[in-house]
Amino acid sequence: MTDTDDIRPPSTLPAFLSLFTSTGTLICCALPALLVSLGAGAVMAGLIEAVPQIVWLGKHKAAVFGIAGALLIVSGLWQWHARSLPCPADKAQADACARARKVSWIVWGLSVALYAIGFFFAFLAARLLY
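Counting in our numbering, the sequence shown runs from 15 upward without gaps.
See below:
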């Protein structure tokens, strides 16, 4: 067994966890605002009837955004650290490692964008209207 056998590609788990939590911020805040502003209040009422946890997410939006933001920061730091980790010497595994890094950055960027949209609707949109 050589030293290169111990090299593992960076995990994409932090990026996907941050995507999951960022999506939660959209569900709690951006989706209800969008539906109500489009005049789809009945759809929103039906959605709350089917998934009452949306109300809990909305009531605790500061905690939801805090946890999501913390996970985004940790994930970004993990990605930044992993950028310089070595990939396996095998050509196919090295290519897979490079692809995994690119996918992780894309997922992380999408997560940040979703978080920003949710943050806007949760904390800034109402202040801009009044």
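C-beta: ideal position from N, C-alpha, C; glycine also.
Fair warning: this is a prediction, and the values are worked out from it, not measured in the lab.
What's the call for residue i, buried or exposed, on a 16-neighbour Cβ count within 10 Å?
i, result
"Thr-18", "Caution applies to Thr-18, whose pLDDT of 48 falls short of 50 and renders its modelled position unreliable; the value that the coordinates give is listed next. With fewer than 16 other Cβ atoms within 10 Å, it is exposed."
"Ala-59", "exposed"
"Lys-75", "buried"
"Met-15", "Unreliable placement is indicated for Met-15, whose pLDDT of 45 sits below 50; the coordinate value is still reported in the next sentence. Exposed, because fewer than 16 other Cβ atoms sit within 10 Å of the Cβ of Met-15."
"Ser-98", "exposed"
Beta carbon of residue i: closer than 8 Å to some heavy atom of the ligand SAM?
i, result
"Gly-55", "Among the ligands in the structure shown, none appear at all, so the ligand SAM cannot be discussed."
Compare the Cα-Cα distances from residue i to each of the options and report the closest residue.
i, options, result
"Leu-33", "Ala-140, Ile-120, Arg-141 and Val-65", "Ile-120"
"Phe-134", "Ser-51, Ala-108, Ala-44 and Ser-118", "Ala-44"
"Gly-90", "Trp-122, Pro-66, Cys-111 and Ala-136", "Trp-122"
If residue i and residue j are in contact, beta carbons under 8 Å, what's the gap, nearest whole angstrom?
i, j, result
"Leu-61", "Gly-132", "Actually they are not in contact, since the Cβ atoms of Leu-61 and Gly-132 sit about 16 Å apart, beyond 8 Å."
"Leu-85", "Thr-37", "In fact, because the Cβ distance is near 12 Å, the residues do not count as touching under 8 Å."
"Val-78", "Cys-101", "Not really, about 35 Å apart at Cβ, beyond 8 Å."
"Ser-118", "Gln-93", "6 Å"
"Val-57", "Leu-49", "5 Å"
With 9 Å as the threshold, decide whether the Cβ of residue i is near any Cβ in chain D.
i, result
"Ala-114", "In the structure shown, chain D cannot be found, because there is only a single protein chain."
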